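Engineer:
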């Protein structure tokens with residue numbers, strides 16, 4: 001599959017300081033979809049214990065070469081015990097999870113392993129941009145979901161992407177026992193260099 005063996009999974013999204021404020025100083029952090037370990041490096045700089053999980057072989061190798069703790073894993077079936085962590089980071093990952101049930105499975109698994117806070121960065125639907133409007137309109141009959149579109153290269157299907165609405169994200173997190181405690185919609189850059197409206201949010205477990 002594309003995400004297993006593509007040469008890398010770079011992300012242009014940062015850990016927003018307003019979201020990072022929800023991380024306790026001694027939190028054990030799991031980076032879900034860690035890629036080459038940029039967020040893990042940031043966590044190491046704060047003195048926190050952090051582990052990354054991803055499916056991409058080249059990115060995991062790059063992260064390990066930098067001294068990051070990483071494991072290869074399906075994010076919906078993590079090889080960790082219940083309550084092994086306190087918080088999670090999930091950047092530009094939900095957009096790659098399709099269909100919706102897969103997103104729910106991954107978030108529920110994050111909750112199982114103890115992530116009572118999730119630091120999230122991703123992409124909102126950008127209907128004001130003609131490039132994305134065309135993608136959403138073409139993607140709806142192919143995927144059956146508004147905001148989803150098929151990414152192709154030279155006619156070959158690479159993966160299906162999904163962009164969200166804030167209401168959709170609130171419903172997604174609420175379905176697995178989180179509430180959105182903070183959210184903002186800054187302009188961000190995609191991996192291809194386009195400027196779009198993104199989302200940064202902190203989701204906390206119900207009862208916290």
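In the UniProt record's numbering, the protein residues as written are 1 to 208.
The beta-carbon is built from N, C-alpha and C at its ideal position, and this holds for glycine as well.
None of the values given here were measured: they were computed from a predicted structure.
Would you call the segment 5 to 25 and the segment 47 to 61 touching, i.e. three or more CB-CB distances under 8 Å?
Structural biologist: yes
Engineer: Using the DSSP secondary-structure output, state which residues sit across from residue 194 in a beta bridge.
Structural biologist: According to DSSP, residue 194 bridges with nothing at all.
Engineer: Below 6 Å CB to CB, which residues in the same chain sit around residue 183 once its five sequence neighbours on both sides are set aside?
Structural biologist: 201
Engineer: Look at the Cβ atom of residue 52, then the Cβ atom of residue 65, and state whether they are nearer than 7 Å.
Structural biologist: no
Engineer: Taking residue 121 as the reference, give the member of 67, 186, 24, 192 with the closest Cα.
Structural biologist: Of the candidates 67, 186, 24, 192, the one whose C-alpha sits nearest the C-alpha of residue 121 is 186.
Engineer: With DSSP as the reference, identify every bridge partner of residue 16, one or two as the case may be.
Structural biologist: DSSP output for residue 16 lists no bridge partner at all.
Engineer: Return the chain-ordered list of same chain residues with a C-beta closer than 6 Å to the C-beta of residue 133, the five sequence neighbours on each side being excluded.
Structural biologist: These residues qualify, in order along the chain: 127.
Engineer: Have a look at 143, 108, 71 and flag the residue whose alpha-carbon is nearest the alpha-carbon of residue 205.
Structural biologist: 108
Engineer: Is residue 22 helix, strand or coil by DSSP?
Structural biologist: Judged by DSSP in its simplified three-state form, residue 22 adopts coil rather than helix or strand.
Engineer: Taking just the CA atoms, how far does residue 203 sit from residue 165?
Structural biologist: In a straight line, the C-alpha of residue 165 is about 15 Å away from that of residue 203.
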